[in-house]
Structure formats: C-alpha cells, structure tokens
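Per my numbering, residue 1 is the first one in the sequence shown, and the count goes up by one each step. Where is the CB? At the ideal position from N, CA and C, for every residue including glycine.
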Amino acid sequence: MADSKPLRTLDGDPVAVEALLQDVFGIVVDEAILKGTSASEKVCEWKEPEELKQLLDLELQSQG
Numbered sequence: 001m002a003d004s005k006p007l008r009t010l011d012g013d014p015v016a017v018e019a020l021l022q023d024v025f026g027i028v029v030d031e032a033i034l035k036g037t038s039a040s041e042k043v044c045e046w047k048e049p050e051e052l053k054q055l056l057d058l059e060l061q062s063q064g
C-alpha cells in the first residue's frame, strides 16, 4: 500500500467500525476493481528470491 494509516481502536464503537469498513471497501475497489481490470497493470510484481529474503521475515521462531 502506498499510504499506510495507523490502525484504529474500534472498542465496539459503531462509527469507528463503519469508518474502517469504508476504508477497506475503498481499498478493494481501487486495487481489485479499478486496477485489476486495467490492461496497463501488471498481473504480478516479480521479486528475485534474494530480494524476497530481505523483504520478508521467514525465520522460524522457537516459541509461538
């Protein structure tokens, strides 16, 4: 995502829940529907294995 926002604390607040769902719906519409149906968008963004190792924490944990 280009613009990361801090997560809200919902605590059963219906207004906060609605705002969160609207944000999620907006992301789905932008990423899946608008960009996903564009012929100019790539199907996937290829990363070399060494680059993926740097991007992802895949170390096994001894606990949990």
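Run of the alpha helix (DSSP H) containing residue 36, from where it starts to where it stops: Per DSSP, residue 36 belongs to no alpha helix (DSSP H) and is neither H nor E.
For residue 57, the three-state DSSP class (helix, strand or coil): coil
Neighbourhood of residue 24 by C-beta distance below 7 Å, restricted to the same chain and skipping five residues each side: none
Beta-carbon separation (whole angstroms), residue 47 vs residue 55, contact threshold 8 Å: 7 Å
Other residues of its chain near residue 1: CB distance less than 7 Å, five sequence neighbours each side excluded: Confidence in residue 1 is poor, its pLDDT being 47 and thus under 50, which makes the residue's placement unreliable; the coordinate value appears in the next sentence. Nothing listed; no residue qualifies.
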